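**Student:**
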Amino acid sequence: MHIPDGFLDPKMSGGLLGLAAGVLGYCLGQVMRAVTAVVPKQVLATVGNSLGNIQMAGKRALTKFGEEKVYQMATVAAWIFAAQMFNFPINSGTSGHLIGGVFAAVIVGPFGGTVVIATVLLIQSLFFADGGLMSLGANIINMAVIGSFVSYYVYAGLKKLIPEMASISIAAWFSVVAASLATSLEIGFSGTIGLPAVTSAMVKTHCIIGIAEAVITVVILKLYKGAKNNE
Amino acid sequence: MNKKLLFPLLIAVLAAIFASQNPDGLDKVSEMLGFAHKGVEHPAIMAGYNLPFLGASKLSAILAGIAGVMLTYGIFMLGLYLARKHSMPRGESRQTS
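If you read the protein sequences in the order shown, they are chains A and B. Residue numbers 33 to 263, in the working numbering, belong to the letters of the first sequence in order. Residue numbers 2 to 98, in the working numbering, belong to the letters of the second sequence in order.
1. Does the separation of the CB atoms of T146 of chain A and L56 of chain A fall below 8 Å?
2. Buried or exposed for H38 of chain B, going by 16 or more other Cβ atoms inside 10 Å?
3. Mind checking which residues open and close the beta strand (DSSP E) that includes V70 of chain A?
4. Measuring straight from C-alpha to C-alpha, what distance separates T126 of chain A and S21 of chain B?
5. Give the DSSP bridge partners of L94 of chain A, in chain order.
6. Whose CA, out of A:S180, A:K192, A:E196 and A:G220, lies closest to the CA of A18 of chain A?
7. Taking the alpha-carbon positions, what's the T68 of chain A to E99 of chain A distance?
8. Between which two residues does the alpha helix (DSSP H) containing L15 of chain B stretch?
9. Do you know how far the Cα of F160 of chain A is from the Cα of A62 of chain B?
10. Between which two residues does the alpha helix (DSSP H) harbouring S157 of chain A extend?
11. Could you tell me the alpha carbon to alpha carbon distance between H34 of chain A and F135 of chain A, rounded to whole angstroms?
12. In chain B, what lies closer than 8 Å to T224 of chain A by C-beta?
13. How about A109 of chain A and Y74 of chain B: are their beta carbons less than 8 Å apart?
14. Could you have a look at G84 of chain A and say whether DSSP puts it in helix, strand or coil?
15. With DSSP as the reference, label I225 of chain A as helix, strand or coil.
16. Measuring CB to CB, does N174 of chain A end up less than 8 Å from D25 of chain B?
17. By a C-beta neighbour count over all protein chains shown, 10 Å radius and 16 as the cutoff for buried, is F19 of chain B buried or exposed?
18. Which bits of chain B does L255 of chain A rub up against, with CB to CB less than 8 Å?
19. Leaving aside the five residues before and after P142 of chain A along the sequence, list all residues of the same chain whose C-beta is less than 6 Å from its C-beta, in chain order.
20. Give the residues from the region 50-70 of chain B that approach chain A closer than 7 Å (Cβ to any Cβ), ordered along the chain.
21. Please name the residue in A:Q104, A:P195, A:L217 and A:A66 whose C-alpha comes closest to that of A170 of chain A.
22. Let me see if you follow: with CB-CB separation under 8 Å, is A150 of chain A close to chain B or not?
23. Let me know the secondary structure DSSP gives D25 of chain B once reduced to three states.
24. Once you ignore the five residues that flank A215 of chain A on each side, which residues in its own chain have a CB closer than 7 Å to its CB?
25. Give the straight-line distance between the Cα atoms of Y256 of chain A and A203 of chain A, rounded to the nearest whole angstrom.
26. Interface residues of chain B around F119 of chain A at Cβ under 8 Å?
27. What number of angstroms, rounded off, separates the C-alpha of M78 of chain B from the C-alpha of G46 of chain A?
28. Extract the residue ranges of the alpha helix (DSSP H) inside the region 166-226 of chain A, only unbroken runs of 4 or more that lie entirely within it.
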């Protein structure tokens, strides 16, 4: 669902670049807060001189937990990059591939998940020309913010009512359909093609791709956890 | 080699060999509705998931996939390196942020 350059008008892609930068900055800030801790002043007052880092007092420093969290985000991002390469055939000469937003958010949380998907999208666009540069903002909004952040809360809300795997499946399906709806609105309002035509075609196709997203998300979550235990 | 990358690398290699070549949902819709020609691809070193000097072959796709997995993992390692640099200063010169 990576929008190439040319499908959106400059106002749409520019506005979404700004919006994506804002949301991503906020998520990155939340991740930074989670992986760091403020160095207590009292501790450094006593041991600071011997460590030579008295100036760190009151500043945020990476924690042990934080290091593990970054390694985890890196691993999850690598999994998603690889899984997104796997286009599977669906009906009538069309293929689909995983987005992985729910997979990421279930493992590293909504903020981490958004950063992970946005990073994958950045690499795909910069190095592989998969998704445009100007439309990177739109792709981040659709697949990282809607596909991971928003969909995480669908999962979290459903989990209170139904079993976890069922909520993951529904959230994964939702993530693809919601992202396809957002993509249609962006393309439609850019005047590239009629809004009703693109919306109905996109949402219909992605209702099917969403089923695959649900199945693959559950499968690779199990695989991921299995691989973790083997380490 | 980092064991954590075993699965992603395996998936990337399998994807490079077995992935469907059909257009994805958005590409297909753009073809059906006749606006596919409006898409412009910017130049990128591994455009189309192929290495520049190997053309469009399976080997090229496998290597591009491996490169992508490493790049994705690597960008987080770069972030970790920068965060460490600011967190554990060995001397005054590093205490910048």
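For each residue, glycine too, the CB sits at the ideal point set by N, CA and C. Quantities reported herein were computed from a predicted structural model and do not represent experimental measurements.
**Tutor:** Based on what the coordinates show:
1. Position 114 of the first sequence holds residue 146 of chain A. Position 24 of the first sequence holds residue 56 of chain A. It is a contact, given that the beta carbons lie within the stated cut-off.
2. Position 37 of the second sequence, counted from the start, is the residue given in the question as residue 38 of chain B. So H38 of chain B counts as exposed.
3. As a position in the first sequence, residue 70 of chain A is number 38, starting the count at 1. From DSSP, the beta strand (DSSP E) with V70 of chain A extends over T68 to V70.
4. Stepping through the first sequence from its first residue, residue 126 of chain A is reached at position 94. Stepping through the second sequence from its first residue, residue 21 of chain B is reached at position 20. Pairing T126 of chain A with S21 of chain B, the inter-Cα distance amounts to about 9 Å.
5. Residue mapping note: residue 94 of chain A aligns to position 62 of the first sequence, counting from 1. In the DSSP output, where bridge partners are listed per residue, L94 of chain A has A:T68.
6. Only positions 33 to 263 of chain A appear in this structure, which leaves residue 18 of chain A out of reach.
7. Here residue 68 of chain A is taken as the residue at index 36 of the first sequence, counted from 1. Here residue 99 of chain A is taken as the residue at index 67 of the first sequence, counted from 1. Going by C-alpha positions, T68 of chain A is about 9 Å away from E99 of chain A.
8. Position 14 of the second sequence, counted from the start, is the residue given in the question as residue 15 of chain B. First-last of the alpha helix (DSSP H) with L15 of chain B: L7 to F19.
9. In the second sequence, residue 62 of chain B corresponds to position 61, counting from 1. In the first sequence, residue 160 of chain A corresponds to position 128, counting from 1. Taking the Cα positions, A62 of chain B is about 11 Å away from F160 of chain A.
10. Counted from its first residue, the first sequence places residue 157 of chain A at position 125. Where S157 of chain A is concerned, the enclosing alpha helix (DSSP H) stretches over G133 to F160.
11. As a working mapping, residue 34 of chain A is identified with position 2 in the first sequence. As a working mapping, residue 135 of chain A is identified with position 103 in the first sequence. Computed Cα separation, rounded: 18 Å.
12. In the first sequence, counting from the first residue as 1, residue 224 of chain A sits at position 192. Those are F36 and K39, listed as they occur along chain B.
13. As a first step, residue 109 of chain A is located in the first sequence; it is residue number 77 there, counting from the start. As a first step, residue 74 of chain B is located in the second sequence; it is residue number 73 there, counting from the start. Yes, these two residues count as a Cβ contact at 8 Å.
14. Here residue 84 of chain A refers to the residue found at position 52 when the first sequence is read from its first residue. Low per-residue confidence applies at G84 of chain A: pLDDT is 47, beneath 50, and the placement is therefore not dependable, though the value from the model is reported in the following sentence. Here G84 of chain A carries a coil assignment [DSSP, helix/strand/coil].
15. Taking the first sequence and counting its residues from 1, one reaches residue 225 of chain A at position 193. It is coil, neither helix nor strand.
16. Position 142 of the first sequence, counted from the start, is the residue given in the question as residue 174 of chain A. Position 24 of the second sequence, counted from the start, is the residue given in the question as residue 25 of chain B. The answer is no: Cβ separation not under 8 Å.
17. Looking up residue 19 of chain B in the second sequence gives position 18. Exposed, since its Cβ has fewer than 16 Cβ neighbours within 10 Å.
18. Counted from its first residue, the first sequence places residue 255 of chain A at position 223. Under a criterion of Cβ atoms nearer than 8 Å, the residues of chain B adjacent to L255 of chain A are, in order, F8.
19. Counting from 1 along the first sequence, the entry for residue 142 of chain A is found at position 110. For P142 of chain A, where only same-chain residues beyond five positions count, the Cβ hits under 6 Å are F181 and Y184.
20. Against chain A - using a Cβ distance shorter than 7 Å - the residues of the region 50-70 of chain B are Y50, G66, G69 and V70.
21. As a first step, residue 170 of chain A is located in the first sequence; it is residue number 138 there, counting from the start. Taking only the C-alpha atoms, the option nearest A170 of chain A is A:L217.
22. Mapped onto the first sequence, residue 150 of chain A falls at position 118. Not a single C-beta of chain B is nearer than 8 Å to the C-beta of A150 of chain A.
23. Along the second sequence, read from residue 1 onward, the residue named residue 25 of chain B stands at position 24. Look at D25 of chain B here: in three-state DSSP terms it is strand.
24. For the purposes of this step, residue 215 of chain A is identified with residue 183 of the first sequence, where counting begins at 1. First, the residue type needs correcting, since residue 215 of chain A is Thr and not Ala in the sequence shown. These residues qualify, in order along the chain: M33, I35, N174 and M234.
25. Taking the first sequence and counting its residues from 1, the one referred to as residue 256 of chain A is at position 224. Taking the first sequence and counting its residues from 1, the one referred to as residue 203 of chain A is at position 171. Answer to the nearest angstrom: the Cα atoms are 18 Å apart.
26. The sequence position of residue 119 of chain A within the first sequence is 87, counting from 1. The residue you asked about is not Phe; residue 119 of chain A is Asn in the sequence shown. Those within 8 Å of N119 of chain A in chain B are A16, A20, S21, Q22, N23 and D25.
27. On the second sequence, position 77 is the one that residue 78 of chain B refers to. On the first sequence, position 14 is the one that residue 46 of chain A refers to. The alpha-carbon atoms of M78 of chain B and G46 of chain A are separated by roughly 30 Å.
28. DSSP runs (the alpha helix (DSSP H)) wholly in the region 166-226 of chain A: 168-171, 183-191 and 196-221.
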